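Chemist: If you scroll down you'll find the structure; I have some questions about it.
Chains as they are written, first to last, in the numbering used here: chain Z, 1 to 297; chain E, 1 to 360; chain D, 1 to 235.
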């Protein structure tokens, strides 16, 4: 049971890092970004490569993951999504474009994994990384628990401070709400959005660092987190940043606890993804504003 | 020997082309014409394949009086071979095994398509797309874990319904069946696109409220089109399963849906010739890279390259030529009307229509 | 009297849809210009064209003697051209304070700016930390006006500021806007449906009909043109 709770918390931390970025990209470009899972994987391989080269723990390589994820996301904004948005591409066109971006990233990582395995002589597919253990309040917990929680907390709080306590953040929220008015006030909307995309990608990249400590990893692993992350956004209420974070913990914990419960009844835990898929469909149909309807009218 | 290889390569390419032509045609009607992102395509495709995977072995065993022993996932391939041997002596059995899964899959697909039109009425288009993708992945997760259906990750064996034919004729028969189905589906799409109904679909796509104001029952239209498109995808699934000789749930991922969308967008949304062009471009790229893969010196699996190129192609087209290779043509009525007015501006206007990408 | 704004032979619209054809006008310093005319005559489009928010096919816009026809909106705003659109003129999800912060060219002068706003519009002083969404219609317009004035404009363009207000309130608002000239020394272009109130409060008037200018001159002269006023303004 402790294992389940630990797993749920770590998983929710990572979902929160993804979901807030997905929300930010939805708000800025109206795109449901299907490439965001692959940005996670980019962070994973960036940190993994750095840790092999520098002979340090992958945890020490989080900055590389932040940078790699941020850059990939920024490039996708500058080269694909911003031009498409300006050309008047609708949300589904942008979504299709994001699937293409995701495929380019994913299969580039597949190719990179081959190269990395050859040149660095480490496993780059179907691998897990060994974690250290900690004594916390008399319980033995894996290091990924406090570290992922700390990372998620620091990054999310920083993002909050940026958005609500700095002029740049106010400008970003303003540009999201009314780009034309923002532009007429002298805000460089494209630059502000680009910063938002870099941050979204950086957060996703950071999430990637922790994945190999929990699941068997390969270049497809981030993609498999995408729909649960979308479930977090939907459950939290589309368009609400705070909702996405809340949604991530609701989805993360319900996935693990429900599948644990069902497992005790003899249902295979392999059905676990159904929980978040069902959450997407049910929330959209029954309560489209999700959790955010609890605090906003 | 060489001739047989060439034949089988050509046949397999043509059959795959037919499968994709059916899928792309259905996506064209739903997404290209009506503007409905029916992104659960892989699930409806899977439905047809699962009907074949779940039924041919069981039904064949029933009809030939063979008792199935052992877990389905472990024995389906063995029984598939056994029953294929019976089909070799009994063409009628082969035809029955081909027809029954089709007859089971079609009504199921229609029902599921109608069910999918329920969220289609209530959700914004991008939310609908996400909901359908989630649904599609749910179908795959269930199929890969519920082993009695099609053997889970083991997959299921499929009876060779043409086992009663000898080698070149067998391939040619499969080719004929596939091409008939493929072009039949495309003809349906072509007829719809060029008929008054096609005009109504595009009107709903471009302005739903206006179409409603002109008395079009949008809800009914969506349900009908989704039912039709889903049935078409299921037919493609049946064909694909018989062609592949095996059914594996992991063959029906979101990426499969994406490839079909890619064909429609690359070909040209709203143009009836989009699906055949888009499917051809995809297969040319895919097969082309397979053919020359030994000559490309890269330190990784060349197949990755074909995915990357496909993604780049789609993005470049969206940016530079959003109408696709064969863009949607403006309404015929408008074209006819312009010269009749006899104004000096008419030729200029036509020039502008031909030059610019069709607006969406 | 020196010219602040000069519009010469302006043809403008949205993409392929032409709205204005051949509009010329001038606004001097400390002058109030009323733009009146029937619905759909292109009054709002004229303001957008001056501010750079729609397509200009030919003609030019000169502000303080500089040709600004090709300049992006925010540069025009920096030059002292203020524009208050009819809707979407505030960030509703942001607080009043945040709105004011964005309006300032230099965010460091927020306190100074807020002091100035509180002086001009004491009602806003107590609302600084409220989200604009939670304010009344009148209060929102006040915030929007404060945002424009904080940028120290020399010319402020109002697009139907009274559209959602009761007629009696509308007249007061129009008089209040005209008074800005004397309080702050700015010039004003006022697009209005309430033609009589606008004409009475303004110095000069432009009558637009179907995108074409039918009259440009003193407001009282236009009120004297019985036929024009009756046909196009229903007065």
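Think of the CB as a built atom: it goes at the ideal place given N, C-alpha and C, for glycine as much as any other residue. Every value quoted in this text rests on a predicted model; they were computed, and no experiment measured them.
(1) Under a three-way DSSP split, which group does residue 121 of chain Z fall into?
(2) Looking at residue 69 of chain E and residue 229 of chain E, is the spacing between their C-beta atoms short of 9 Å?
(3) Touching or not, the segment 235 to 243 of chain Z and the segment 95 to 103 of chain Z, by the rule of three or more beta carbon pairs under 8 Å?
(4) Within a Cβ cutoff of 8 Å, which residues of the same chain sit near residue 147 of chain Z, ignoring the five residues on either side of it in sequence?
(5) Evaluate residue 222 of chain E with the Cβ neighbour count: other Cβ atoms within 10 Å of its Cβ, from every protein chain shown; 16 or more gives buried, anything less gives exposed.
(6) Are the CB atoms of residue 147 of chain D and residue 123 of chain D nearer to each other than 9 Å?
(7) Secondary structure at residue 264 of chain Z, three-state DSSP: helix, strand or coil?
(8) For a test of the three-state rule: what should DSSP assign to residue 67 of chain E, helix, strand or coil?
(9) What number of angstroms, rounded off, separates the C-alpha of residue 298 of chain Z from the C-alpha of residue 202 of chain Z?
(10) Per DSSP, what kind of secondary structure is residue 336 of chain E in: helix, strand or coil?
(11) Taking only runs that begin and end inside the segment 108 to 187 of chain D, name each unbroken alpha helix (DSSP H) of 4 or more residues, in chain order.
(12) Short of 8 Å Cβ to Cβ, which residues in the segment 40 to 74 of chain D face chain Z?
(13) Just how far apart, CA to CA, sit residue 38 of chain E and residue 297 of chain E?
(14) Select from D/47, D/221, D/9 and D/232 the residue whose C-alpha is nearest the C-alpha of residue 60 of chain D.
(15) Could you check which residue in Z/31, Z/49, Z/52 and Z/289 has the C-alpha nearest to that of residue 236 of chain Z?
(16) List the residues of chain E whose Cβ lies closer than 7 Å to the Cβ of residue 280 of chain Z, in chain order.
(17) Between which two residues does the beta strand (DSSP E) holding residue 17 of chain D run?
(18) Go ahead and pull the three-state DSSP assignment for residue 11 of chain D.
(19) Whole angstroms is fine: what's the gap from residue 339 of chain E's alpha carbon to residue 138 of chain E's?
(20) Assign residue 57 of chain D to buried or exposed, taking buried as 16 or more other Cβ atoms, counted over all protein chains shown, within 10 Å of its Cβ.
(21) Kindly indicate which residue of D/231, D/77 and D/54 has the alpha-carbon position closest to the one of residue 17 of chain D.
(22) Look up residue 189 of chain D in the DSSP assignment and give the residues it is bridged to.
(23) Write down every uninterrupted run of the alpha helix (DSSP H) in the segment 158 to 203 of chain Z whose length is 4 residues or greater and which is fully enclosed by it, in chain order.
(24) Does the beta carbon of residue 121 of chain Z come closer than 9 Å to any beta carbon on chain D?
(25) Taking Cβ-Cβ distances shorter than 9 Å, what residues in chain Z pair up with residue 163 of chain D?
(26) Name the chain E residues whose beta carbon is nearer than 7 Å to that of residue 92 of chain Z?
(27) Between residue 274 of chain Z and residue 254 of chain E, is the Cβ-Cβ spacing less than 9 Å?
(28) Below 9 Å on C-beta distance, what does residue 263 of chain E contact in chain Z?
(29) Compare the Cα-Cα distances from residue 22 of chain D to each of D/28, D/31, D/12 and D/30 and report the closest residue.
(30) Taking 9 Å as the CB-CB cut-off, is residue 250 of chain E touching chain Z?
(31) For a cutoff of 9 Å on Cβ pairs, would you count residue 133 of chain Z as touching chain D?
(32) Just grab the DSSP bridge partners of residue 136 of chain Z for me.
(33) Which residues of the segment 8 to 26 of chain Z have a Cβ closer than 9 Å to any Cβ of chain A? Give them in chain order.
(34) Is it buried or exposed, residue 127 of chain E, if we count other Cβ atoms within 10 angstroms and call 16 or more buried?
(35) Within 10 angstroms of its Cβ, does residue 134 of chain D collect 16 or more other Cβ (buried), or is it exposed?
(36) Name the DSSP bridge partner or partners of residue 83 of chain D?
Modeler: The structure says:
(1) coil
(2) no
(3) no
(4) 59 and 210
(5) buried
(6) no
(7) helix
(8) coil
(9) The structure shown does not extend to residue 298 of chain Z, since chain Z spans only 1 to 297, so no value can be given for it.
(10) Because residue 336 of chain E sits at a pLDDT of 45, beneath the cut-off of 50, its placement in the model cannot be relied upon, and the following sentence gives the value as read from the coordinates. If DSSP states are grouped into helix, strand and coil, residue 336 of chain E belongs with the helices.
(11) 110 to 120, 137 to 150 and 167 to 184
(12) 51, 53, 72, 73 and 74
(13) 39 Å
(14) D/9
(15) Z/289
(16) 130, 131 and 134
(17) 17 to 28
(18) strand
(19) With a pLDDT of 44 at residue 339 of chain E, under the threshold of 50, the predicted position of this residue should be treated as unreliable, though the coordinate-derived value follows. Distance between the alpha carbons of residue 339 of chain E and residue 138 of chain E: 54 Å.
(20) exposed
(21) D/54
(22) D/33 and D/157
(23) 167 to 177 and 179 to 184
(24) no
(25) Result: empty, since nearest Cβ-Cβ is about 17 Å, beyond 9 Å.
(26) 37, 125, 126 and 129
(27) no
(28) Under the 9 Å cutoff, chain Z gives no residues; its nearest Cβ is about 12 Å from residue 263 of chain E.
(29) D/12
(30) no
(31) no
(32) Z/139
(33) Of the protein chains in this structure, namely Z, E and D, none is chain A.
(34) buried
(35) exposed
(36) D/157
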